[in-house]
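Protein chains in written order, with this note's numbering: chain V, 493 to 943; chain Z, 463 to 1296.
By construction, the Cβ of each residue, glycine as well, lies at the ideal position given by its N, Cα and C atoms.
These notes concern the structure reproduced below.
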């Protein structure tokens, strides 16, 4: 099934250097061009970078209420690392996620914060059966424009899911393991291994060099997928309602793969990545891990593998020890400081440390060419948390940064203070429209925001 | 350590009244209460014969008055304390509709948390009456009295199950599912059907795994053109380096200089194992009391210099083992001033394909009490193993891999297969993979794939490989499906029914082994024998004696006791400088071996509380301060029980329930209540005014600081339960070592429980736990049943849990009696359609 315009592997490798490889499924062989691809008009990309357990708002907040203001000359401590990009991002304040609040349920603000952040829905309090949140904004976008890229979206993270015991109150760990939800009951798991992310996009190193053999195996792959799809459909017909829903997930996933195979065959030429294949596993250093993930995000946007990425710096309730930030206590434990100055200082250090890592993403995006501008010019990147005051578990006045110009639609370099209790979903509806996805509403949205 | 501490936000903001006890009762209720009280006392049955009567009259006579007297003062419509009001339950019928309210009521009453301290307390028999009522109707069968065994949602194999299953099915090695996203867990376990989902990301991984597994199984992993370096293993730079241990070639750090790990050898062949011994110079030893030699002193005479060097650097052995068997050993000599020779040792070893443990170390260092003696002031180790390289393969056998025989059961060599082989091979493969007999049309679709490959010009073996790939992606393989007769049709049978023998075989094998049913189980299912009591019990015993039953330790117990958090535990190196990765692994191993012994020796469950034995090696014994145990290998050790016995005083548990920098009596109390007694304390409510912690400096002990917690009645309600248990364990620091002082303060490890019982120290605490054996056994039953079923327990499971608990008590609490109780229970044997 390799069309004649696909070059034999050796010829391609000669021109392009040593880091190339082909994907794990023969049927998904793309063609690698000699030159980088140029889009007719650069598409807009969207990314969300999430930090857990709240922020010391005293060291984040900037002056200005109800309106748009220029960014201050002096940045608060936590935001100082990002000061160098002051004309490429804005601070947003006043947004809230009502879905994170208890509304009669038991304790579980962390689970609720994570599950509501991109869904603007109030998750159902359950430890196992029938988990239910909402459809997250990244997946809404993926449903509309995801078909134009190899991957509808990517979900990345630095921390693997917690297991063993309920994670927060009576909420299943499913709620705090991700912020991305394809359907109200289908959370999207994150990939935490940089190598795995790389290989999903650019293939493993051990594929057959012979294109004829590869073509034959691609045909077998297709037959195999046809067979298991048939099996699943027949099986589904014999099951009760709950079990049918489980099989639905299976069917959706197989069909998704098949769509991507078709797409890879028709895909335009893809420029090779300027990134060496990462080593297996997860880097020991958190800084190295985060930066590598940011590099991969940049490469994913650059090669148009996807236009929608979510990235969790850490999981909600995460108890990581950030020794590289000079803190030897665990994160979540510290955030319930109850006024202790020593703990507040340590959390501030952690918050600032996270922002420092984020600047690496801004640096990569703003220095990568993308047609008539940089990647950052054509993106919308949100950096934020689902909890503001981590000690009191507040879900209003959420700390939020918005970077990137979305192809010129967003003016940056400002502090925009929205009316208190403005739903975050209003921001999402606005962002979706910049992607060309017009939605009346999302979650608890009441309209759009001015950007 | 556990990532769930108690300081998460709580229920709805309680009204400000809730911080102090409610001042008045409501007048209308008061009179009714007084009238009913008389009837209440007259009508009270003795606790032993307390009957369950959900009818309205019983409710009006017994329960409603109790609520009025002891509960409704705060829990009424006006105050809505803790968002609960009993006002709406005027009649028994109304009460019966709110099962989970009564479950929580029973929990609080039983734990002595309600009514709160300082309020009128009900007499024991009145309380028992209400408890019996709450328990009784909450566990009612379905309205028409039919059994309700519940149902499990179709669930996919989780990562552990996938790894074990492909190894058993195909005879391959390795753990491909380690690349899959982490499984979500529900009700504490990662095999919960409702929570396990399939995403497009996971499907990609399944496809990638099916591709490489099918290739490895039929042809073996692809051979390189020539031998190359398969691995270059080094330890992390230091024991306070950040990050996980997942980086492939990076091994845990050992202050004692060892290098250890496991490696997957892809082929049966010869491999070259090269390791390098390294060291840094020590200072010259100085005889005691002798002054330091001045710099410009003349050099020592040769004999004296050599003598000092010999004392400082006596020859030491280095030992290298593979799966515990020595493959190389040497004596390292001192070579220059206060140093040792360094160098690489190379050995060729024949190794079977598969995962093998290796270890290179200086055995004598295991017997040094304090590992810091092997450290120089700048953090480098005096003696250590620098790296281990694995190079190969050499002299690979040209024969097909072992997995070939698992698949090609027709026993023909490659290239010599007959026409009929395809059907034979595929039928066997599909039957074992789908865990049931397969129909002719199912086999045909798979043999069609074999034919397709051959028609395209590929070999028969390649055709079989494609069939294997298809089987590994089939929903029949990935999901454990249980059928209900006529489920999708209109005249579906709604009664509970026994699951089929094949479904039972799968439930059994995934419960006890986290693996597919073996041929013996499948054969018994084929002949409809498995469900018969005379067959089932011996099979369970056989399975418990099988090595695969280690899954009960590695999978069930590690999740039940939250031991997986030990990987994430990072004791602060500044405070606990002698704790490195190797010691943490030793802690884990101790608990795993202990649990394994309980299961293998079919001991009483209560031994988990205080059995006076454990498994230690030299370093761990040094950590505990126990003498007489030396060497790197683990050995069984009898304890006198005064300081250590059972689970609660093992370092793994004590570390998991601490913070990186200090102990937490609250975390430990919560751990015991949650995991051993099944009485998890509720999370603290929101809106609690913060403690005036600033006023409490480091001049006050941790215990005194926590007493502040309990001065406030609202906090004390729960902390009276939690804190004493933690106090009883305070003589074990945040890494489980024994101590008598916390800084300058002598530790007071006495405690008082809510019911007034006092105790001092962990031994007496364990005695109290032992006296609560019913709660202990019931909790373990619930956890094991949840794990065995793959779903959370509901109110209708209460009957089954009680039956099992009684069965276990009658059998001296033997572990096998618990397993048999679970296997023979209704929820395990039966299923209710939707």
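Across which residues does DSSP place residue 741(Z) in a beta bridge pair?
Taking the first residue of the second chain as position 1, residue 741(Z) is located at position 279. Paired residue(s): 845(Z).
Which chain Z residues sit within Cβ distance under 7 Å of residue 723(V)?
On the first chain, residue 723(V) is found 231 positions in, with the first residue counted as 1. The answer, in chain order, is 936, 937, 938.
DSSP on residue 1137(Z), reduced to helix/strand/coil?
The sequence position of residue 1137(Z) within the second chain is 675, counting from 1. Note: residue 1137(Z) maps to helix in three-state DSSP.
Pair every Cβ in the region 855-866 of chain Z with every Cβ in the region 1062-1082 of chain Z, then say whether three or more of these pairs are closer than 8 Å.
no
Could you say which of 896(V), 930(V), 928(V) lies nearest to residue 583(V) if we only look at CA atoms?
For the purposes of this step, residue 583(V) is identified with residue 91 of the first chain, where counting begins at 1. If we check each option's Cα against that of residue 583(V), 896(V) comes out closest.
Minimum C-alpha distance to residue 783(Z) - residue among 820(Z), 731(Z), 767(Z), 793(Z):
As a working mapping, residue 783(Z) is identified with position 321 in the second chain. Residue 783(Z) has its Cα closest to that of 820(Z), out of 820(Z), 731(Z), 767(Z), 793(Z).
Examine chain V for any beta-carbon lying closer than 8 Å to the beta-carbon of residue 802(Z), and answer yes or no.
By 1-based counting over the second chain, the position of residue 802(Z) is 340. No, no contact with chain V.
Residue 779(Z) versus chain V: which residues are under 7 Å apart at the beta carbon?
The residue you call residue 779(Z) lines up with position 317 of the second chain. Ordered by position in chain V, no residue passes the 7 Å Cβ test against residue 779(Z), which lies about 31 Å from the chain.
Taking 8 Å as the threshold (beta carbon to beta carbon), is residue 940(V) in contact with chain B?
Absence of chain B from the displayed structure is noted, the protein chains being V and Z.
C-alpha distance - residue 560(Z) paired with residue 1050(Z), whole-angstrom precision
For the purposes of this step, residue 560(Z) is taken as the residue at position 98 of the second chain. For the purposes of this step, residue 1050(Z) is taken as the residue at position 588 of the second chain. In a straight line, the C-alpha of residue 560(Z) is about 43 Å away from that of residue 1050(Z).
For residue 572(V), three-class secondary structure by DSSP
Start at 1 with the first residue of the first chain, and residue 572(V) comes out as number 80. DSSP places residue 572(V) in helix when its eight states are reduced to three.
Given 8 Å as the limit, is there contact between the region 683-701 of chain Z and the region 656-666 of chain Z, that is, 3 or more CB pairs closer than that?
no
Closer than 7 Å by C-beta to residue 1136(Z): which residues in its own chain qualify, once you throw out the five before and the five after it? Chain order, please.
Taking the second chain and counting its residues from 1, the one referred to as residue 1136(Z) is at position 674. For residue 1136(Z), where only same-chain residues beyond five positions count, the Cβ hits under 7 Å are 1142.
Sequence-distant residues of its chain with Cβ nearer than 7 Å to residue 784(V) (five each side left out)
Taking the first chain and counting its residues from 1, the one referred to as residue 784(V) is at position 292. For residue 784(V), where only same-chain residues beyond five positions count, the Cβ hits under 7 Å are 686, 770, 775.
DSSP bridge partner residues for residue 907(Z) (one or two, in chain order):
Counting from 1 along the second chain, the entry for residue 907(Z) is found at position 445. Its beta-bridge partners do not exist; DSSP assigns none.
Pick out whichever of 913(Z), 1175(Z), 1199(Z), 1103(Z) has its Cα sitting closest to the Cα of residue 1124(Z).
Taking the first residue of the second chain as 1, we reach residue 1124(Z) at position 662. Taking only the C-alpha atoms, the option nearest residue 1124(Z) is 1199(Z).
Pairs of beta-carbons, one from the region 722-735 of chain Z and one from the region 801-816 of chain Z, closer than 8 Å: are there three or more?
yes
Against chain V, with Cβ distances strictly below 8 Å, would residue 714(Z) count as a contact?
Counting from one through the second chain, the residue named residue 714(Z) turns up at place 252. Answer no: the Cβ-Cβ gap between residue 714(Z) and chain V never drops below 8 Å.
Can you tell me the Cα-Cα spacing of residue 1099(Z) and residue 753(V), whole angstroms?
The sequence position of residue 1099(Z) within the second chain is 637, counting from 1. The sequence position of residue 753(V) within the first chain is 261, counting from 1. Roughly 59 Å separates the two Cα atoms.
Return the bridge partner residues of residue 723(Z) from the DSSP annotation.
Translated into the one-based positions of the second chain, residue 723(Z) becomes position 261. Beta-bridge pairing links residue 723(Z) to 820(Z).
When every heavy atom of the ligand ADP is checked, does at least one fall within less than 7 Å of the C-beta of residue 653(V)?
This structure simply doesn't include the ligand ADP, nor any ligand for that matter.
Any C-beta of chain V sitting closer than 8 Å to the C-beta of residue 1288(Z)?
Indexing the second chain from 1 puts residue 1288(Z) at position 826. Not closer than 8 Å to any Cβ of chain V, the Cβ of residue 1288(Z) fails to qualify, so no.
Let me make sure I understand the geometry here. Which of 558(V), 560(V), 575(V) has the alpha-carbon closest to that of residue 566(V)?
Counting from 1 along the first chain, the entry for residue 566(V) is found at position 74. Checking every option, the nearest Cα to that of residue 566(V) belongs to 575(V).
Residue 495(Z) by DSSP, collapsed to three states: which one?
Stepping through the second chain from its first residue, residue 495(Z) is reached at position 33. Since pLDDT at residue 495(Z) reaches only 37, below the 50 mark, its modelled position is unreliable, and the value read off the structure follows with that caveat. In this structure, residue 495(Z) counts as helix in the three-state DSSP scheme.
For residue 715(V), return the contacting residues in chain Z, with the cut-off set at a CB-CB distance below 7 Å.
For the purposes of this step, residue 715(V) is identified with residue 223 of the first chain, where counting begins at 1. Within chain Z, the residues near residue 715(V) are 911, 914.
Assuming residue 541(V) contacts residue 814(V) (C-beta within less than 8 Å), just tell me the rounded distance between them.
Start at 1 with the first residue of the first chain, and residue 541(V) comes out as number 49. Start at 1 with the first residue of the first chain, and residue 814(V) comes out as number 322. Contact flag wrong, Cβ pair sits at about 16 Å.
Mind pulling the chain V residues with CB within less than 7 Å of residue 660(Z)?
Translated into the one-based positions of the second chain, residue 660(Z) becomes position 198. Under the 7 Å cutoff, chain V gives 741, 742, 745.
Distance between residue 827(V) and residue 1157(Z) (C-alpha atoms, nearest Å):
Translated into positions along the second chain, residue 1157(Z) becomes position 695. Translated into positions along the first chain, residue 827(V) becomes position 335. Per-residue confidence for residue 1157(Z) stands at a pLDDT of 41, beneath the threshold of 50, marking its modelled position as unreliable; the derived number appears in the next sentence. So the two alpha carbons sit approximately 20 Å from each other.
Secondary structure, alpha helix (DSSP H): runs of 4+ residues fully inside the region 942-996 of chain Z:
963-974, 981-988
Neighbourhood of residue 486(Z) by C-beta distance below 6 Å, restricted to the same chain and skipping five residues each side:
Stepping through the second chain from its first residue, residue 486(Z) is reached at position 24. At residue 486(Z) the pLDDT is 35, less than 50, meaning the model places this residue with poor confidence; the figure from the coordinates comes in the next sentence. Nothing listed; no residue qualifies.
Identity of the residue in 526(Z), 1122(Z), 1081(Z) nearest residue 1029(Z) by Cα:
Reading the second chain from its first residue, position 567 is the one you call residue 1029(Z). The shortest C-alpha separation from residue 1029(Z) is found at 1122(Z).
May I ask you to report which of helix, strand or coil DSSP gives residue 807(Z)?
Translated into the one-based positions of the second chain, residue 807(Z) becomes position 345. Of the three classes helix, strand and coil, the one that applies to residue 807(Z) here is strand, per DSSP.
Is the beta carbon of residue 1035(Z) less than 8 Å from the beta carbon of residue 718(Z)?
On the second chain, position 573 is the one that residue 1035(Z) refers to. On the second chain, position 256 is the one that residue 718(Z) refers to. No.
For a minimum of 4 consecutive residues, which ranges assigned as the alpha helix (DSSP H) are wholly contained in the region 732-792 of chain V?
733-758
Tell whether a beta-carbon distance below 8 Å holds between residue 849(Z) and residue 738(Z).
The residue you call residue 849(Z) lines up with position 387 of the second chain. The residue you call residue 738(Z) lines up with position 276 of the second chain. In this structure, residue 738(Z) lies closer than 8 Å to residue 849(Z) by Cβ.
Would you call residue 831(V) buried or exposed, if buried means 16 or more other Cβ atoms sit within 10 Å of its Cβ?
For this step, residue 831(V) is matched to residue 339 along the first chain. Answer is exposed; the Cβ neighbour count stays below 16.
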